[in-house]
Amino acid sequence: MVTLTNASGIAYKGRDCIISSVQNVMQAEGLIGRIDIILVTDREIKKLHKQWFNDPTVTDVITFPIEPEPPILGEIYISAETARRQASAHNVTLKNELCRLAVHGALHLAGYTDKTISQRTHMQTLENTYIACQ
Numbered sequence: 323m324v325t326l327t328n329a330s331g332i333a334y335k336g337r338d339c340i341i342s343s344v345q346n347v348m349q350a351e352g353l354i355g356r357i358d359i360i361l362v363t364d365r366e367i368k369k370l371h372k373q374w375f376n377d378p379t380v381t382d383v384i385t386f387p388i389e390p391e392p393p394i395l396g397e398i399y400i401s402a403e404t405a406r407r408q409a410s411a412h413n414v415t416l417k418n419e420l421c422r423l424a425v426h427g428a429l430h431l432a433g434y435t436d437k438t439i440s441q442r443t444h445m446q447t448l449e450n451t452y453i454a455c456q
């Protein structure tokens with residue numbers, strides 16, 4: 323199960339695509355449980371980034387594993403403001419960028435990491451595979 327809450331105040335299209343994209347990851351990677359996606363402001367994600375990672379900068383997505391077993395697998399916080407800027411910079415729609423970030427977060431819940439260039443490249447390949455929005 324995937325839930326999506328918009329706490330950012332930014333209007334967007336593609337709610338079903340974002341949820342479907344994360345469900346694609348869950349099915350392919352064998353994830354069972356609930357993933358909550360929360361769209362937040364830059365201010366809120368900056369606060370979370372500082373509190374949990376001791377990094378006071380804005381980031382695009384933060385993933386929190388909640389429980390190793392169902393019912394709640396984790397939460398994915400996405401800065402809708404940062405996603406909007408990144409979408410513009412990459413010449414894609416906000417819907418596509420939100421899908422990509424949601425999938426990226428779900429991949430972290432599946433155990434993938436992006437600390438090295440090789441790992442980042444692998445995650446990007448998987449993101450492109452699972453994204454249900456264009």
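Under this note's numbering, the letters of the sequence shown match residues 323 to 456, in that order.
Even for Gly, the Cβ is constructed at its ideal location relative to N, Cα and C.
| Check | Outcome |
| --- | --- |
| Residues of its chain near Leu-370, where Cβ-Cβ distance is below 7 Å and the 5 sequence neighbours each way are ignored | Ile-384, Tyr-399 |
| Beta-bridge pairing of Leu-361 - partner residues as DSSP gives them | Asn-328, Ile-400 |
| 7 Å CB neighbourhood of Asp-436 in its chain, flanking five on each side removed | Arg-442, Met-445 |
| Straight-line Cα distance separating Leu-448 from Thr-381 | 21 Å |
| Reduced DSSP category for Val-414 - H, G, I as helix; E, B as strand; rest coil | coil |
| Inter-residue Cα distance where the pair is Gln-316 and Glu-419 | This structure does not reach residue 316, given that the chain is present from 323 up to 456, and the question cannot be answered. |
| Residue span of the alpha helix (DSSP H) that contains Ile-340, given as start and end | 337-351 |
| Cβ-based burial, Ala-428 [other Cβ within 10 Å; buried from 16] | buried |
| Beta bridge counterpart(s) of Arg-406 as assigned by DSSP | According to DSSP, Arg-406 bridges with nothing at all. |
| CB of Glu-403 within 8 Å of CB of Ile-332, strictly | yes |
| Nearest candidate by alpha-carbon position, reference Ser-343, set Gln-373, Ile-359, Ser-330, Asn-328 | Ile-359 |
| Span of the beta strand (DSSP E), counted from its first residue to its last, around Thr-385 | 383-387 |
| Unbroken alpha helix (DSSP H) run spanning Gln-452, endpoints | Here the sequence assigns Tyr to residue 452, which means Gln is not the residue at that position. Tyr-452 -> alpha helix (DSSP H) spans 439-452. |
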